[in-house]
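For reference, the structure discussed in these notes is given below.
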Amino acid sequence: MRAAAEAAASSLDPARLHAVLIKTASGDRAAHHRVLSLYPASSSVRLLLRHLPFPPTHVSWTAALSSLSRSRSPPSSVFLLLRLILRSSPPLLLSDGAVSAALKSLSVSISVSVSLRLALPLHSLALKLAIARLPFSGSALVSLYAKSRLPSHALKAFDDIPHPDPACFAAAIVALAQNRRPAPALALFASMRARGVRSTMYAVSAALRAAADLAALDLSRCAHAHALVVGLDADLFVATALLDAYGKAGLVADARRLLDALLGAANLVTWNAMLAAHAQQGDLDAALGVFGEMRERDLAPDDLTFLAILTACSNAGAADAAEEWIKLMESRYGVAPGLAHYTCLVGSLARVGRLGDAERVALAMPFAPDAAVWRTLLSGSIIHRRADIAESSGRRLLELDPHDDSAYVMLANVCSATGRMDEVAKLWTAMRDRGVKKEGGRSWVEVRGAVHVFVANERRHARTSEIYAKLEELMREVKKLGYEEEDAGLRHHSERLAMAFAVLSGAAPKGKELRVVKNLRICGDCHELFKYVSRVIEREIVVRDVNRYHRFQNGSCTCRDYW
DNA sequence: ATAGGGTTAG
1 MRAAAEAAAS SLDPARLHAV LIKTASGDRA AHHRVLSLYP ASSSVRLLLR
51 HLPFPPTHVS WTAALSSLSR SRSPPSSVFL LLRLILRSSP PLLLSDGAVS
101 AALKSLSVSI SVSVSLRLAL PLHSLALKLA IARLPFSGSA LVSLYAKSRL
151 PSHALKAFDD IPHPDPACFA AAIVALAQNR RPAPALALFA SMRARGVRST
201 MYAVSAALRA AADLAALDLS RCAHAHALVV GLDADLFVAT ALLDAYGKAG
251 LVADARRLLD ALLGAANLVT WNAMLAAHAQ QGDLDAALGV FGEMRERDLA
301 PDDLTFLAIL TACSNAGAAD AAEEWIKLME SRYGVAPGLA HYTCLVGSLA
351 RVGRLGDAER VALAMPFAPD AAVWRTLLSG SIIHRRADIA ESSGRRLLEL
401 DPHDDSAYVM LANVCSATGR MDEVAKLWTA MRDRGVKKEG GRSWVEVRGA
451 VHVFVANERR HARTSEIYAK LEELMREVKK LGYEEEDAGL RHHSERLAMA
501 FAVLSGAAPK GKELRVVKNL RICGDCHELF KYVSRVIERE IVVRDVNRYH
551 RFQNGSCTCR DYW
């Protein structure tokens, strides 16, 4: 009977489920519970309260709760059901499973604050009943806090679980990866494996997302090998995360190989990741080629598909194409452009110097411009030296995001270039008064699987003195080749420290590639310096910029640069 | 036997 229930379950047809239920022997509780959890919410509750051929156990209640969360019922009905359990006679205890199902149903709530407000009583109840530290409720709590963008709360909930199972680890790794804490996420993944906890596709794909965020190629390769060994490589989520990781690390060919290996099992997410890989490289033709393949397979493109295409336009410097695609996506494919799409269009126009058009789009689009829009416009105006637009967009950016340290710096530079030193002083004062600190750029390198992060002018790394000495030594060498000493303030930029460390630790043999990852734009002086350094060390230096790759080789750079 | 965990962009 269980098999019949499963078959009906896969069709998710209430009529079929009902038919199964009528034929089910009253003693077959398992089948009843399975049907209970698959029924739509209202039928499930009715079944539970009236027609169950045996007194409901806590398993029955849990199954009904799971049905509520599956049908995205409002939290009020979840709480109603919980109350009924607590008042049931003979008394039933809330089970780990019931609380976890209830917690899950909260995450579909309208907003983070609402779901958090509802989660608190549930959390305290779970604590009183000593359930919060059991693996199911524990992982649900971790996940709920993760979705509420509270990674430290999530981690606290995880640390409280005395015997975390594979799912608890997965939830915690996801919590860190989703909340932009890639290094701790990878560390937790490593400690999970060290503790002998089985890795699952959930944990592996989340770890891969973290590796992708760092563009950490070695780590992605390790995760790939791990997935092969434990037999998770065929999982679509793992494969997609891996493809994305390779794409973000710039290995488009490897990404493509994964896509081809999936033999048509790839879904929209996978294809979008492939598209994004080409987009990041600014390879519009390749991106459009992939889009064509998606169309041949009758995959309906979504908003992210077009975001990738527009990103490709922007990175390829194809502003006309971007204007064309934002119209086409709606008129031909029925996907309405959102704020992110317009931001991309503004960025495309700004980058090629069409700043007037960019500003007009920002003001005329059907969304109120957010900080990202003004930021992209500001950076375009800086590249094309348009002080007027730089100033207006910079001011608007500061209104929306008074904590954006780069905005103060860029704006102050513009004012200083136009000789308005009083404005410069005002900006520094405003920055200090609002407690905004200029954040050093961050760069990192991966050496034998470990990620080393560097911040400009900081001396936190254990081998700092050696690194600074190595950098000095390289600076002396490049000066012999004719490199001119620049402003001393740029001397210890994060990418230089990362590069010096990579050289110091022998990250790659001569003639091979040295990979420095940086998430912000590499500055003009460092760009120039790296050309010389690549000659001195006879290695190719690869720097991942915010949206393109710089390949320095024998004193030249193969990427198109806009400096 | 029941319940919890996942990918893509910014």
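Take 1 as the starting number for the first sequence in this note's numbering and just add one per residue.
Positions of the beta carbon are idealized from the N, C-alpha and C atoms, including for glycine.
This structure is a prediction, so every number in the text was calculated from the model and none was measured.
Bridge partners - glutamate 540, DSSP secondary structure assignment: Glu513
Touching by the beta-carbon criterion (3+ pairs, under 8 Å), the segment 92 to 110 and the segment 58 to 74: yes
Nearest neighbour of glutamate 458, chosen from Ala498, Gly449, Leu427 [CA to CA]: Ala498
Lysine 518 - partner residues in DSSP beta bridges: Ser443
Rounded straight-line distance, which links the Cα of leucine 94 to that of serine 44: 18 Å
Alpha helix (DSSP H) segment containing tyrosine 342, residue limits: 339 to 351
Residue nearest to serine 143 in terms of C-alpha spacing, selected from Ala157, Asp545, Val536: Ala157
Nearest neighbour of tyrosine 333, chosen from Ala368, Ala316, Phe291 [CA to CA]: Phe291
For cysteine 557, the residue or residues it bridges with in DSSP: Phe552
Alpha carbon of tyrosine 145 to alpha carbon of alanine 177, nearest angstrom: 13 Å
Residue closest to leucine 258, alpha-carbon to alpha-carbon, out of Met274, Gly250, Ala249: Met274
Straight-line Cα distance separating leucine 38 from methionine 329: 37 Å
Residue nearest to leucine 150 in terms of C-alpha spacing, selected from Pro366, Gly231, Ala175: Ala175
Unbroken alpha helix (DSSP H) run spanning histidine 51, endpoints: Taken as a continuous stretch (DSSP letters only), histidine 51 belongs to no alpha helix (DSSP H), as it is neither H nor E.
Check whether leucine 339 and aspartate 370 have beta carbons under 9 Å apart: yes
Inter-residue spacing [alpha-carbon to alpha-carbon] between alanine 412 and glycine 435: 17 Å
Segment contact flag, the segment 299 to 311 with the segment 270 to 286, C-beta cutoff 8 Å, min 3 pairs: yes
Supposed contact pair threonine 376 and threonine 429 - C-beta distance, whole angstroms, cut 8 Å: With 8 Å as the limit, threonine 429 and threonine 376 do not qualify as a contact, their Cβ atoms being about 27 Å apart.
Three-state secondary structure assigned by DSSP to phenylalanine 501: helix
Short Cβ contact (9 Å threshold) for threonine 565 with leucine 232: There is no way to answer for residue 565, as the model of the chain reaches only from 1 to 563.
The segment 461 to 471 / the segment 537 to 552 touching (three or more Cβ pairs under 8 Å): no
Helix, strand or coil at alanine 507 [DSSP, three-state]: coil
Environment of glutamate 359 [buried if 16+ CB atoms lie within 10 Å]: buried
Straight-line gap, phenylalanine 237 to leucine 307 (C-alpha atoms, nearest Å): 21 Å
6 Å CB neighbourhood of serine 393 in its chain, flanking five on each side removed: Trp374, Leu377, Leu378
Nearest to glycine 264 (by Cα), restricted to the options Ala241, Ala194, Asp298: Asp298
Rounded straight-line distance, which links the Cα of proline 301 to that of alanine 249: 24 Å
Histidine 278 - containing alpha helix (DSSP H), residue span: 268 to 280
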